[in-house]
Amino acid sequence: MTSRRDRAIAPSMTSTILQDRDYVVILAKTAAHCQLPMQINAWNQAQAATQALVHQCERLDPDGVTLYVSCQEEVPINCFRKYEQVTSDNLATLLDGNYPPHSLPLQGVLTAALEDYLHRKAAGKTKANGETIVVLLDGEPQDRLAIAKTIIHVTQQLEHPTELAIGLVQVGDDPIATGFFQALDDDLQTHGAAFDIVDTVKTTDIAEQGLTQTLLNMIHD
């Protein structure tokens, strides 16, 4: 996973890009992973990081964040429920109210979030500085190739590289997931992406570098 410690962006210089921006959080949790002892601890850390992230985002975007949460029940967006205008006050209730599925088709929910951005952009309803989509994931998704193709396609509809950022946050240390995340971070432009809009980070790194720096890194990949 690409290290940014040697090329950190000074928050005081560029933090204005974090304002006037929409934030989306996709919590892609699977039952198979969250029942393992090490993953239980990792998800406890991830939930604390999510709470802090939503709190930080609502300071930057008073409208609250858009939240997608994985769940077992039949719902419109491929194992995910969507909540809008979420704040840190009601986040815990929403997370506790959804039991995760055993496997996760991530491509469907990511496509829904990306298409929602493009539709709002076409209608002139996006914020001036664009949008950041943060995906917390505990394993390797089923639909890796489709995810890569979806992201590449979306980059070809963007006007500049900072208007849309995708931050992939790895929960735990699944080595296969690490490899997939790194490929999305480093290789998409060699396969036709117009811009590098993907940044990857582990939950353990967020506490070290801070939320502001993490969000900036997602934009300035």
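Each residue of the sequence shown is one higher than the one before, counting from 1 in my numbering. We put the beta carbon where it would ideally sit given N, CA and C, even for glycine. Quick caveat: nothing in here was measured; it's all calculated off a predicted structure.
Query - Val-135 to Lys-125 span [Cα, whole Å] - result: Sequence index remark: in the sequence shown, residue 135 carries index 135 (1-based). Sequence index remark: in the sequence shown, residue 125 carries index 125 (1-based). So the two alpha carbons sit approximately 23 Å from each other.
Requested in this report: Would you mind sorting Asp-22 into buried or exposed? The rule is 16 or more other CB atoms within 10 Å of its CB.
Outcome: The residue given as residue 22 occupies position 22 in the sequence shown. Buried is the call here.
Query raised in the report: Taking three-plus beta-carbon pairs below 8 Å as touching, is the segment 196-205 in contact with the segment 165-185?
Result: yes
Query raised in the report: Along the chain, where does the alpha helix (DSSP H) that runs through Leu-211 open and close?
Result: Within the sequence shown, numbered from 1, the residue matching residue 211 stands at position 211. From DSSP, the alpha helix (DSSP H) with Leu-211 extends over 211-219.
Query - Residues bridged to Ile-133 (per DSSP) - result: Indexing the sequence shown from 1 puts residue 133 at position 133. Beta-bridge pairing links Ile-133 to Val-24, Ile-166.
**Report entry** Local conformation of Val-54 per DSSP, three classes
**Finding:** Indexing the sequence shown from 1 puts residue 54 at position 54. The answer is helix: DSSP assigns Val-54 an H, G or I state.
Query raised in the report: Looking at Leu-94 and Ala-28, is the spacing between their C-beta atoms short of 8 Å?
Result: Here the question's residue 28 lines up with position 28 in the sequence shown. Here the question's residue 94 lines up with position 94 in the sequence shown. No, these two residues do not count as a Cβ contact at 8 Å.
Query raised in the report: Cβ of Ile-219 within 8 Å of Cβ of Ala-113?
Result: Within the sequence shown, the letter at position 219 stands for residue 219. Within the sequence shown, the letter at position 113 stands for residue 113. Not closer than 8 Å, so no.
Query raised in the report: Cα separation between Lys-202 and Thr-214?
Result: Residue mapping note: residue 202 aligns to position 202 of the sequence shown, counting from 1. Residue mapping note: residue 214 aligns to position 214 of the sequence shown, counting from 1. Spanning the two alpha carbons is a distance of roughly 10 Å.
Query raised in the report: Got a sec? Which residues, its chain only, sit under 6 Å from His-119 by beta carbon, not counting five neighbours each side?
Result: Residue mapping note: residue 119 aligns to position 119 of the sequence shown, counting from 1. Closer than 6 Å at Cβ, skipping near neighbours: no residue.
Query - Alpha-carbon spacing of Gly-172 relative to Asp-96, whole angstroms - result: Within the sequence shown, the letter at position 172 stands for residue 172. Within the sequence shown, the letter at position 96 stands for residue 96. Spanning the two alpha carbons is a distance of roughly 20 Å.
Query raised in the report: For Leu-104, which option in Gln-85, Gly-64, Ile-147 has the closest C-alpha, if you only look at C-alpha atoms?
Result: Stepping through the sequence shown from its first residue, residue 104 is reached at position 104. Per the Cα distances, Ile-147.
Requested in this report: Go to Phe-80, then tell me how far its alpha helix (DSSP H) extends in each direction, as first and last residue.
Outcome: Within the sequence shown, numbered from 1, the residue matching residue 80 stands at position 80. Segment 80-86 is the beta strand (DSSP E) holding Phe-80; no alpha helix (DSSP H) there.
Requested in this report: Put Val-222 into one of helix, strand or coil per three-state DSSP.
Outcome: Within the shown structure, residues of the chain are numbered from 1 to 221, placing residue 222 beyond reach of any answer.
Query raised in the report: In terms of residue numbering, what span does the beta strand (DSSP E) encompassing Asp-143 cover?
Result: Position 143 of the sequence shown holds residue 143. Segment: none, Asp-143 is in no beta strand (DSSP E) and carries neither H nor E.
Query raised in the report: With 16 as the cutoff for other CB atoms within 10 Å, does Ala-46 come out buried or exposed?
Result: The sequence position of residue 46 within the sequence shown is 46, counting from 1. Flag for Ala-46 reads buried.
**Report entry** Three-state secondary structure assigned by DSSP to Lys-29
**Finding:** The residue given as residue 29 occupies position 29 in the sequence shown. In the structure shown, Lys-29 sits in coil (DSSP, three-state: anything other than H, G, I, E or B).
Query - Residues near Asp-20 by beta carbon distance below 7 Å, same chain, minus five either side - result: Translated into positions along the sequence shown, residue 20 becomes position 20. Cβ within range, chain order: Lys-127, Ala-128, Asn-129.
Query - Alpha-carbon spacing of Ala-249 relative to Asn-41, whole angstroms - result: Any property of residue 249 remains undetermined from this structure, which presents the chain solely from 1 to 221.
Query - Nearest neighbour of Asp-89, chosen from Tyr-117, Gln-56, Arg-81 [CA to CA] - result: Taking the first residue of the sequence shown as position 1, residue 89 is located at position 89. Per the Cα distances, Gln-56.
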